[in-house]
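Numbering (our numbering), first residue to last: 5 to 583.
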């Protein structure tokens, strides 16, 4: 999907909107679900042809029905009445089938597009670097609305085209003047409507953002309810919420004002559609040029044809909302699509070591050097302790190793992510049963209890399973378990998966010294090489469980020192070049 980034000021009904619209349909019809999509599109085309054919037949039946009334033809009246009922019955079946097929096509389209966007969002780890507000709302709501409205606009254009073809002949046969008047009337109406309502697209775009911001703030209150209550932050949050309510109401008011101006014109425009055919065809009937039924047939044909010609006028609110949704989705997918690297960081995979080669990291905000020309090689089996004076430098180095920090230059060598585990400072346990949390996809749901229980026993955490009700209990573990218990389970998961390397971020923040010692010893016994990141101000840095110490100073300079018999050997320090 080739989409260009845009914003509320640039989003408008334009040729770019049309190009995105065409690309969206082309992408669906060339995707892996193209078989179903093409079948449903063809079915809709045939149904619309049938509906419009029935409408044309209905116009002639109606003409003859009214003429039979005018001429007091009893037999003709009953015959045309029966035809009326038959046409209405067939039209009902066709309309229901069209609605059903449209819903199924929309479901197929949404399923495919949502899976695609979510896949890009997670597989490329775009959620880490995405700078857009409320990406969750854009993925769930905007994708759904985009599919619904794209399908609606597509079918509206398809049906309108068929209607124009079907009823142009009918109206032309009644009055060429009426046909020309209808075409000119629709063209003028479309131009005036666009001029009056052009501000609706950016306003609708901004409204979607304001609604999402308000909802996100309410979610923030719910997720941090205890902390807010304990710190008495309610007045401040109330002011923020009231400000956001004011902003979205003010923007909605502007939408209402513009819609009012558009409504004045479009309502009058639609009323005139009812009288124009009579003004032109009624004198023809009075002169005896056409039968009485032609008056009602002309009114129906003119109204139907003008409805097809006047899509911009009659569906302007839908089209402006659609352009705003398309612009928001364009911004999302453009942000999810990785561009050219803006820095000189290179990540190379090597299963035997973790190395930082002439690595310099900078703060993405102000360009301050966090780590300067770091050149350290950690082969498998060498346990490294990393201490940083600046917590930002520690986090940047860890995230750069995980390939989610990109501000700087140099080369990072590390094992593939499947053979390198990261244990962040705040543990994360995925949803699922405790067995799934521990063994993941290694053994499936049928994994036995012996190995997980043995690993938990090594870490002194065997009572966790008993307390929560067994390995097959499913809970929201962030609410049920303490941070210490969550960290122990995360370490147990690493022990069960046995990667070549594991990187621990400040474990002393959640674990006591004895648990850290047990964890490091258990990892060492499983031949898992540990790289432990910690702050310089931590009292317990567990030097004895490591083979080397890397210290990063506040100015980004660094030193590497070996550890022998649990003691840092100061005389063999290797330092970075002076800044």
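Cβ atoms here follow ideal geometry from the backbone N, Cα and C, with glycine treated the same way.
Please report the residue range of the beta strand (DSSP E) in which residue 409 lies. Here residue 409 refers to the residue found at position 405 of the chain shown. Residue 409 -> no beta strand (DSSP E), and no H or E assigned at all.
Let me check understanding here. Comparing Cα to Cα, which of 243, 205 and 249 lies closest to residue 214? If you number the chain shown from 1, residue 214 lands on position 210. Of the candidates 243, 205 and 249, the one whose C-alpha sits nearest the C-alpha of residue 214 is 249.
Do you know how far the Cα of residue 277 is from the Cα of residue 139? For the purposes of this step, residue 139 is identified with residue 135 of the chain shown, where counting begins at 1. For the purposes of this step, residue 277 is identified with residue 273 of the chain shown, where counting begins at 1. When rounded, the distance between both Cα atoms is 44 Å.
Alpha helix (DSSP H) runs wholly inside the segment 470 to 494, at least 4 long, in chain order: Runs of the alpha helix (DSSP H) lying entirely within the segment 470 to 494 and spanning at least 4 residues, in chain order: 481 to 484.
Rounded to whole angstroms, what is the Cα-Cα separation between residue 225 and residue 509? By 1-based counting over the chain shown, the position of residue 225 is 221. By 1-based counting over the chain shown, the position of residue 509 is 505. Their backbone Cα atoms lie some 28 Å apart in a straight line.
Between the segment 453 to 473 and the segment 394 to 411, do three or more beta carbon pairs fall short of 8 Å? Segments in contact, no.
Between residue 426 and chain D, is any beta-carbon pair separated by less than 8 Å? Judged by its chain identifiers, the structure shown contains no chain D, having just a single protein chain.
State whether the segment 53 to 65 contacts the segment 23 to 39, with contact taken as three or more CB pairs (one from each stretch) at a distance under 8 Å. Put simply, the segment 53 to 65 does not touch the segment 23 to 39. Fewer than three CB pairs are less than 8 Å apart.
On the DSSP bridge list, what partners appear for residue 506? Mapped onto the chain shown, residue 506 falls at position 502. In DSSP, residue 506 forms a bridge with 425 and 534.
Let me know if residue 346 comes out buried or exposed under the rule of 16 or more other beta-carbons within 10 Å of its beta-carbon. Position 342 of the chain shown, counting from 1, holds the residue named residue 346. Residue placement at residue 346 is poorly supported in this model, since its pLDDT is 45, which falls under 50; the coordinates still yield a value, given next. Burial check for residue 346: the Cβ neighbour count within 10 Å stays below 16, so the residue is exposed.
Residue 459 vs residue 487 beta-carbon contact at 8 Å: Here residue 459 refers to the residue found at position 455 when the chain shown is read from its first residue. Here residue 487 refers to the residue found at position 483 when the chain shown is read from its first residue. No. Outside cutoff.
With distance defined between alpha-carbon atoms, name the residue in 208, 285 and 21 nearest to residue 185. The residue you call residue 185 lines up with position 181 of the chain shown. It is 285.
Output the distance between the C-alpha atoms of residue 239 and residue 52, rounded to the nearest integer angstrom. As a first step, residue 239 is located in the chain shown; it is residue number 235 there, counting from the start. As a first step, residue 52 is located in the chain shown; it is residue number 48 there, counting from the start. Taking the straight line joining both Cα atoms gives about 57 Å.
Taking the alpha-carbon positions, what's the residue 118 to residue 45 distance? If you number the chain shown from 1, residue 118 lands on position 114. If you number the chain shown from 1, residue 45 lands on position 41. When rounded, the distance between both Cα atoms is 20 Å.
What would DSSP say about residue 565, mapped onto helix, strand or coil? For the purposes of this step, residue 565 is identified with residue 561 of the chain shown, where counting begins at 1. In the displayed model, residue 565 falls within a strand according to three-state DSSP.
Inter-residue spacing [alpha-carbon to alpha-carbon] between residue 434 and residue 167: For the purposes of this step, residue 434 is taken as residue 430 along the chain shown, with counting starting at 1. For the purposes of this step, residue 167 is taken as residue 163 along the chain shown, with counting starting at 1. Here the alpha carbon of residue 434 sits roughly 54 Å from the alpha carbon of residue 167.
Report the rounded CA-to-CA distance for residue 369 versus residue 532, giving the unit in angstroms. Position 365 of the chain shown, counting from 1, holds the residue named residue 369. Position 528 of the chain shown, counting from 1, holds the residue named residue 532. Whole-angstrom Cα-Cα distance: 36 Å.
In this structure, what does DSSP give as the bridge partners for residue 418? Residue 418 sits at position 414 when you count from the first residue of the chain shown. For residue 418, which the question treats as bridged, DSSP gives the partners 353.
Beta-carbon proximity of residue 389 to residue 553, cut-off 8 Å: For this step, residue 389 is matched to residue 385 along the chain shown. For this step, residue 553 is matched to residue 549 along the chain shown. Yes, they are a contact pair.
Collapsed DSSP secondary structure at residue 584 in the structure displayed: Because the chain in this structure spans residues 5 to 583, residue 584 falls outside the shown range and cannot be described.
Which whole-angstrom value is the C-beta distance of residue 424 and residue 505, which I expect to be below 8 Å? For the purposes of this step, residue 424 is taken as residue 420 along the chain shown, with counting starting at 1. For the purposes of this step, residue 505 is taken as residue 501 along the chain shown, with counting starting at 1. Correct: roughly 5 Å between the Cβ atoms.
Tell me the DSSP bridge mates of residue 571? Within the chain shown, the letter at position 567 stands for residue 571. Answer by DSSP bridge pairing, in chain order: 568.
Which same chain residues, not among the five before or five after residue 431, have their C-beta less than 8 Å away from its C-beta? The count along the chain shown starts at 1 and reaches residue 431 at position 427. Cβ within range, chain order: 487, 490, 491, 493, 494 and 514.
Can you tell me the Cα-Cα spacing of residue 376 and residue 324, whole angstroms? Here residue 376 refers to the residue found at position 372 when the chain shown is read from its first residue. Here residue 324 refers to the residue found at position 320 when the chain shown is read from its first residue. C-alpha separation (whole angstroms): 51 Å.
Which same chain residues end up closer than 6 Å to residue 543 when comparing Cβ atoms and leaving out the 5 residues on each side of it in sequence? Residue mapping note: residue 543 aligns to position 539 of the chain shown, counting from 1. Caution is warranted here: a pLDDT of 47 is assigned to residue 543, below 50, making its placement in the model unreliable, and the coordinate value is therefore given only provisionally. Excluding its 5 nearest sequence neighbours in each direction, residue 543 has no C-beta neighbour in its own chain below 6 Å.
Host beta strand (DSSP E) of residue 238 (start-end): The residue you call residue 238 lines up with position 234 of the chain shown. Following the DSSP letters along the chain, one finds residue 238 in no beta strand (DSSP E) but inside the alpha helix (DSSP H) bounded by residues 238 to 290.
If you run the structure through DSSP and keep just helix, strand and coil, what is residue 587? No answer is possible for residue 587: the residues shown for the chain start at 5 and end at 583.
Note down the Cα distance separating residue 291 from residue 154, rounded to an integer number of angstroms. Locating residue 291 in the chain shown gives position 287, where the first residue counts as 1. Locating residue 154 in the chain shown gives position 150, where the first residue counts as 1. Cα-Cα distance, rounded: 48 Å.
Quick one: any contact between the segment 355 to 364 and the segment 380 to 389, if contact means 3 or more CB pairs under 8 Å? Judged by pairs of C-beta atoms under 8 Å, the segment 355 to 364 touches the segment 380 to 389, as three or more such pairs exist.
Straight-line gap, residue 189 to residue 59 (C-alpha atoms, nearest Å): Taking the chain shown and counting its residues from 1, one reaches residue 189 at position 185. Taking the chain shown and counting its residues from 1, one reaches residue 59 at position 55. Just so you know, the alpha carbons of residue 189 and residue 59 end up roughly 23 Å apart.
Nearest by alpha-carbon distance to residue 529: which of 426, 373, 387 and 557 is it? Within the chain shown, numbered from 1, the residue matching residue 529 stands at position 525. The shortest C-alpha separation from residue 529 is found at 387.
Paired residues, beta bridge with residue 382 - DSSP: Numbered from 1 along the chain shown, position 378 holds the residue referred to as residue 382. Answer by DSSP bridge pairing, in chain order: 358.
How would you label residue 22, buried or exposed, when you count the other beta carbons within 10 angstroms and need 16 or more for buried? Indexing the chain shown from 1 puts residue 22 at position 18. Its Cβ having fewer than 16 others within 10 Å, residue 22 is exposed.
Can you tell me where the alpha helix (DSSP H) holding residue 372 begins and where it ends? Taking the first residue of the chain shown as position 1, residue 372 is located at position 368. No alpha helix (DSSP H) contains residue 372, which DSSP labels as neither H nor E.
Between the alpha carbons of residue 163 and residue 262, how many angstroms are there, rounded? One-based indexing of the chain shown puts residue 163 at position 159. One-based indexing of the chain shown puts residue 262 at position 258. When rounded, the distance between both Cα atoms is 28 Å.
Per DSSP, cross-strand counterpart(s) of residue 516: For the purposes of this step, residue 516 is identified with residue 512 of the chain shown, where counting begins at 1. DSSP output for residue 516 lists no bridge partner at all.
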